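Enquirer: Those sequence lines, one after another, are chains A and B.
For the first sequence, counting from 1, position 295 maps to 294 in numbering that gives the first Met the number 0; every step adds exactly one.
For the second sequence, counting from 1, position 39 maps to 38 in numbering that gives the first Met the number 0; every step adds exactly one.
What follows is a single structure, and I will ask about it in a moment.
There are 2 protein chains.
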Amino acid sequence: MARTASLSGFPEWLPQERLVELHVLDTLRKTFELHGFSSIETRAVETVGQLLRKGEIDKEVYGLSRLQDDDEENAKTGKTDPNALALHFDLTVPFARYVVENAGYLAFPFRRYQIQKVWRGERPQEGRAREFTQADIDVVGDGELPFRYDVEIALVIAEALSALPIPDFRLRINNRKLAEGFYRGIGLTDTAGVLRSIDKLEKIGAEKVAGLLKSELGATDEQAGLALQLATIRTEDTSFVEQVRALGVNDELLDEGLNELEQVIEAAIQRAPGKVAADLSIARGLDYYTGTVVETVLVGHEQLGSICSGGRYDALASKGNRKFPGVGLSIGVTRLVSRILSQELATASRSVPTAVLVALNHDDSWSAAQDVAAQLRSRGIATEVAAKAEKFGKQIKFADRRGIPFVWFTDDDGKHQVKDIRSGEQVDADPATWTPSEEDLYVRVVTA
Amino acid sequence: MARTASLSGFPEWLPQERLVELHVLDTLRKTFELHGFSSIETRAVETVGQLLRKGEIDKEVYGLSRLQDDDEENAKTGKTDPNALALHFDLTVPFARYVVENAGYLAFPFRRYQIQKVWRGERPQEGRAREFTQADIDVVGDGELPFRYDVEIALVIAEALSALPIPDFRLRINNRKLAEGFYRGIGLTDTAGVLRSIDKLEKIGAEKVAGLLKSELGATDEQAGLALQLATIRTEDTSFVEQVRALGVNDELLDEGLNELEQVIEAAIQRAPGKVAADLSIARGLDYYTGTVVETVLVGHEQLGSICSGGRYDALASKGNRKFPGVGLSIGVTRLVSRILSQELATASRSVPTAVLVALNHDDSWSAAQDVAAQLRSRGIATEVAAKAEKFGKQIKFADRRGIPFVWFTDDDGKHQVKDIRSGEQVDADPATWTPSEEDLYVRVVTA
């Protein structure tokens with residue numbers, strides 16, 4: 000849209016744009032619930048200690064302090080105080096805290112979806128806002144979590160994304176065990192360091208990544224070459240296994256990772272054909288992933304960045320000796336909706352929920368008009384009543400301006416008629432039975 | 000519930016509690032949309048200047064600052080800097096800003112609903128959280144807004160609240176013009192001051208309010224007595240008009256207010272009988288109300304405070320000479336849901352969306368089980384697939400623990416059966432046609 004946010008990085012939608020966003024949110028919710036995911040929400044606020052628990056993070060966190068600070072909490076708001084409050088920057092860290100706190104009340108494996116706003120104080124740009132909505136699904140186990148959930152999560156997300164009014168997409172999947180085993184097999188043991196360098200491949204290119212591997216991690220030419228060769232492997236089927244084998248590296252963890260990734264790709268070929276690819280360049284910055292890792296691009300919109308990311312984490316949440324391994328994916332709803340709107344990939348069929356405006360004959364026919372409206376609403380037809388008995392032409396213009404397709408008239412003898420203001424057709428109608436076509440009953444979101 | 004929030008004032012719900020909240024939110028949304036209200040959301044963040052625009056506020060505001068503050072914005076985060084960011088404390092002030100910013104894109108009168116979290120750094124107690132959800136409806140006009148919308152808004156809210164699993168409620172309605180005109184008529188011109196004192200009536204009693212009126216506003220005994228007499232008038236019909244007239248005060252604005260309030264009560268008697276009362280003690284703290292003011296109590300839970308408040312504001316939003324008068328009401332969703340949960344006024348019929356668990360015969364029957372699940376889901380039946388081929392007893396126990404009512408079995412010959420694990424009844428079933436009863440298809444929220 001031509002409009003720019005009045006506060007950079009904090010997008011707001013017009014009502015007709017919000018209808019597109021609502022359609023996206025409703026579609027995701029429906030898919031997630033059909034697959035047995037429970038809704039939860041966590042508070043917007045975590046302690047700084049909780050947010051930084053996994054050590055240094057690359058997200059810009061918004062801290063909170065009360066403007067009218069007048070009591071003992073004053074002392075707590077120091078920026079480095081771990082008890083100070085801050086806005087969450089994702090939904091995974093709060094979810095891990097929620098699971099640990101409520102473990103006694105949850106049935107494991109616990110499947111949940113969570114659709115909420117998150118905040119990051121980053122420099123705003125296309126596809127990157129400071130306030131945005133994420134839609135996450137995760138399955139978390141108590142002690143252990145079968146690998147099968149890695150496969151399932153990918154399939155659920157493929158189904159959810161397929162139901163949205165967006166261009167074709169591709170889940171690009173890798174496996175941390177595969178990468179870590181491979182690096183270990185060639186003698187590079189600082190996995191996190193290698194991953195950080197490989198993560199920059201798309202941005203800075205192979206040559207510079209090789210330079211980083213050598214200068215920062217002490218890799219030889221051969222090691223850097225092999226690490227880069229691994230990262231170039233991308234297949235839409237399971238042939239990546241052979242290609243990795245051909246590099247001649249042997250490692251137990253590598254085998255495990257290859258086997259896991261093969262299972263995911265195999266299932267996806269069958270159940271979500273064309274939507275998933277093995278991509279061994281996918282690294283994911285965050286430390287907590289331990290197996291499957293996923294990023295997702297919109298085909299033809301790759302420069303938008305990943306619209307859905309996540310993976311397996313075996314150690315994000317724990318309570319004493321009790322571990323809660325999980326696997327999950329997070330859809331960047333605001334990023335998707337911004338793109339749908341800016342490129343007009345889909346639009347709402349009208350700008351208001353209202354299907355019918357009941358016009359007023361006289362100013363004192365308001366109550367009778369409300370009776371008509373109540374009858375229509377009782378059958379699920381969204382209806383407004385005019386507030387003033389202006390000339391019918393003016394009342395019709397009002398409906399037209401608001402995007403309402405039908406205007407209802409009741410004359411002084413109690414005879415009802417309804418006018419489709421798009422075609423001009425006006426017919427007799429009974430408020431107890433008249434219904435607009437399925438197409439006009441609700442707002443629909445239609446792809447361009 | 001027995002659980003307490005891990006961070007005081009920031010409640011979080013368990014999945015089965017969240018289902019109750021979702022039911023409340025869905026019901027409100029449905030009612031609002033049936034009445035033609037459009038959904039919008041505004042950013043969580045406003046500038047401090049915007050939040051404090053109406054002068055001194057009694058809400059505790061949370062200010063924001065970036066933890067990793069490293070650029071020129073540093074200078075902006077001073078607490079008194081009007082450009083500093085803070086979390087919104089209601090949805091009315093952000094909505095007013097939204098209307099002014101987007102006036103060129105909106106069709107007036109603009110009807111919107113807005114369901115979002117708000118934050119107030121107040122001392123938490125029962126019914127008062129630091130993070131909570133509000134559900135607002137407002138109608139805003141360009142230049143003028145017919146009084147009829149005051150009547151309509153009250154009726155829509157009465158309908159919305161009636162659809163919720165809550166005890167009986169009463170909208171208590173007053174009118175600022177009535178109060179202001181009356182006070183002026185008896186010679187008290189500091190309306191805001193009188194309202195502030197009257198607002199304390201329920202808390203500190205008539206005697207102390209009289210004391211305040213005399214000591215702080217210089218009222219005579221007679222003036223204080225009349226102001227208090229006005230505040231004692233409560234009627235379920237329009238007889239308040241006579242009662243006010245009997246006090247012998249004459250003022251034009253008083254007449255206007257009496258007439259407006261009479262219209263609201265008259266319509267409510269007809270369209271929402273028993274749900275609305277005229278209550279001339281209702282003052283509402285906020286300065287921006289100019290006509291109708293509303294508070295709402297749950298009958299038998301009056302000490303919970305108002306669960307829905309608002310009113311008419313003629314001057315909240317303006318753009319140069321252009322004024323945007325509005326009328327709106329705000330439901331305290333978290334306050335309502337907390338009460339529903341703590342008193343078990345309603346519960347979810349099960350704790351997960353899932354209706355069916357497809358059991359596994361062997362570990363390699365997962366894909367066939369997914370086929371069954373996909374068939375059920377395509378007909379709207381929420382279905383999960385077991386992750387491991389444990390003994391059937393264990394798989395049934397798993398369903399039971401998660402609250403899933405049905406378990407699906409497919410034997411090696413491809414014969415399907417479905418078991419209702421509550422009754423133990425097991426019958427042949429076809430995944431292409433079998434459907435649970437309407438009662439079991441979706442989670443229902445049932446009142447106690």
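Just so it is clear, CB atoms sit at the ideal spot from N, CA and C, and this is done for glycine as well.
On a predicted model such as this, the values are computed, not experimentally measured, just so you know.
Distance, Cα to Cα, residue 11 of chain A vs residue 187 of chain B?
Expert: Approximately 44 Å, taken between the alpha carbons.
Enquirer: Are the stretch 390-407 of chain A and the stretch 348-360 of chain A touching by the rule of at least three beta carbon pairs closer than 8 Å?
Expert: Cβ pair count under 8 Å is three or more, so yes.
Enquirer: Just checking: is the beta-carbon of residue 245 of chain A within a distance shorter than 9 Å of some beta-carbon in chain B?
Expert: Cβ-Cβ to chain B under 9 Å: no for residue 245 of chain A.
Enquirer: Could you tell me the distance, in whole angstroms, from the CA atom of residue 74 of chain B to the CA atom of residue 63 of chain B?
Expert: With a pLDDT of 40 at residue 74 of chain B, under the threshold of 50, the modelled position of this residue cannot be trusted; read the value that follows with caution. Between residue 74 of chain B and residue 63 of chain B, the C-alpha separation is close to 13 Å.
Enquirer: How far does the beta strand (DSSP E) with residue 324 of chain A in it extend, from its first residue to its last?
Expert: Looking at the DSSP string, the run of the beta strand (DSSP E) that includes residue 324 of chain A is 321-331.
Enquirer: Reducing DSSP to helix, strand and coil, say where residue 76 of chain B ends up.
Expert: A caution first: residue 76 of chain B carries a pLDDT of 46, below 50, which makes its placement in the model too unreliable to give a value.
Enquirer: Let me know if residue 274 of chain A comes out buried or exposed under the rule of 16 or more other beta-carbons within 10 Å of its beta-carbon.
Expert: Counting Cβ neighbours within 10 Å, residue 274 of chain A comes out buried, since at least 16 surround it.
Enquirer: Near residue 447 of chain B, which residues of its chain fall below 6 Å by C-beta distance, leaving aside the five closest residues on each side in sequence?
Expert: The answer, listed in chain order, is 343, 344.
Enquirer: I'd like the ranges of any beta strand (DSSP E) spanning at least 3 consecutive residues and lying wholly in the stretch 123-182 of chain B.
Expert: For the stretch 123-182 of chain B, whole beta strand (DSSP E) runs of length 3 or above, ordered along the chain, are 130-139, 168-174.
Enquirer: Please check if any C-beta of chain C sits within less than 9 Å of the C-beta of residue 9 of chain A.
Expert: Of the protein chains in this structure, namely A and B, none is chain C.
Enquirer: Determine, for residue 96 of chain A, whether the minimum Cβ-Cβ distance to residues of chain B falls below 9 Å.
Expert: Yes, its Cβ sits closer than 9 Å to a Cβ of chain B.
Enquirer: With a CB to CB cut of under 6 Å and the five nearest residues on each side skipped, what residues in its chain are close to residue 86 of chain A?
Expert: 43, 61, 118, listed in sequence order.
Enquirer: Does the beta carbon of residue 118 of chain B sit closer than 9 Å to a beta carbon anywhere in chain A?
Expert: Yes, contact with chain A.
Enquirer: For my contact list, residue 310 of chain B and residue 298 of chain B are in at a C-beta cut-off of 8 Å; report their separation, rounded to the angstrom.
Expert: About 21 Å separates the two Cβ atoms, so there is no contact after all.
Enquirer: Relative to chain A, which residues along the stretch 312-337 of chain B have a C-beta separation below 8 Å, given in chain order?
Expert: Result list empty, no residue passes.
Enquirer: Check whether the stretch 358-371 of chain A and the stretch 182-197 of chain A touch, using three or more Cβ-Cβ pairs below 8 Å as the test.
Expert: Touching, no.
Enquirer: Pick out whichever of A/14, A/19, A/51 has its Cα sitting closest to the Cα of residue 346 of chain A.
Expert: For the residues A/14, A/19, A/51, the minimum Cα distance to residue 346 of chain A belongs to A/19.
Enquirer: Measuring alpha carbon to alpha carbon, tell me which of B/369, B/204, B/312 ends up nearest residue 271 of chain A.
Expert: That would be B/369, whose Cα lies nearest to the Cα of residue 271 of chain A.
Enquirer: Give a yes or no on whether 9 Å exceeds the smallest Cβ distance from residue 407 of chain B to chain A.
Expert: Judged by the 9 Å Cβ criterion, residue 407 of chain B is not in contact with chain A.
Enquirer: Would you report the Cα separation of residue 282 of chain B and residue 179 of chain B, rounded to the nearest angstrom?
Expert: So the alpha carbons of these two residues sit roughly 11 Å apart.
Enquirer: I want to see whether chain A comes within less than 9 Å of residue 21 of chain B, judged by CB atoms only; does it?
Expert: Residue 21 of chain B counts as touching chain A.
Enquirer: Can you find a heavy atom of the ligand ATP that lies under 8 Å from the Cβ of residue 128 of chain B?
Expert: Absence of the ligand ATP from the depicted structure is noted, as is the absence of any ligand whatsoever, leaving it without description.
Enquirer: Helix or strand or just coil, what does DSSP make of residue 118 of chain B?
Expert: The answer is strand: DSSP assigns residue 118 of chain B an E or B state.
Enquirer: Within 9 Å (strictly less), CB to CB, does residue 101 of chain A reach chain B?
Expert: Interface residue, yes.
Enquirer: Distance, Cα to Cα, residue 432 of chain A vs residue 375 of chain A?
Expert: If you take the alpha carbons of residue 432 of chain A and residue 375 of chain A, they lie about 8 Å apart.
Enquirer: Measuring only the C-alpha atoms, how far is residue 167 of chain B from residue 136 of chain B?
Expert: For residue 167 of chain B and residue 136 of chain B, the distance between alpha carbons rounds to 21 Å.
Enquirer: Take residue 279 of chain A as the anchor and find which of A/286, A/314, A/260, A/265 has the nearest alpha-carbon.
Expert: It is A/260.
Enquirer: For residue 279 of chain B, does the three-state DSSP call read helix, strand or coil?
Expert: Reduced to three states, the DSSP call for residue 279 of chain B is coil.
Enquirer: Straight-line CA distance for residue 59 of chain A to residue 113 of chain A?
Expert: If you take the alpha carbons of residue 59 of chain A and residue 113 of chain A, they lie about 22 Å apart.
Enquirer: Can you give the beta carbon distance from residue 257 of chain A to residue 177 of chain A, rounded, assuming they're within the 8 Å contact cut?
Expert: That belief holds up - the Cβ atoms of residue 257 of chain A and residue 177 of chain A are roughly 6 Å apart, short of 8 Å.
Enquirer: Using a C-beta to C-beta distance shorter than 9 Å, which residues of chain B count as neighbours of residue 39 of chain A?
Expert: 11, 12, 13, 14, 17, listed in chain order.
Enquirer: Verify the CB distance criterion: does residue 111 of chain B have a CB-CB separation below 9 Å to chain A?
Expert: Yes, residue 111 of chain B counts as interfacial toward chain A.
Enquirer: Could you name each continuous beta strand (DSSP E) segment of 3 residues or more that falls completely within the stretch 327-410 of chain A, going from the start of the chain to the end?
Expert: You should have 345-347, 355-357, 382-384, 405-409.
Enquirer: When you compare the CB of residue 145 of chain B with every CB in chain A, is at least one pair closer than 9 Å?
Expert: Taking Cβ atoms only, chain A reaches closer than 9 Å to residue 145 of chain B, which makes this a yes.
Enquirer: Applying a beta-carbon distance threshold of less than 7 Å, which residues of chain B neighbour residue 298 of chain A?
Expert: Under the 7 Å cutoff, chain B gives no residues; its nearest Cβ is about 24 Å from residue 298 of chain A.
Enquirer: Taking only the alpha-carbon atoms, compute the straight-line gap between residue 241 of chain A and residue 229 of chain A and give it to the nearest angstrom.
Expert: If you take the alpha carbons of residue 241 of chain A and residue 229 of chain A, they lie about 12 Å apart.
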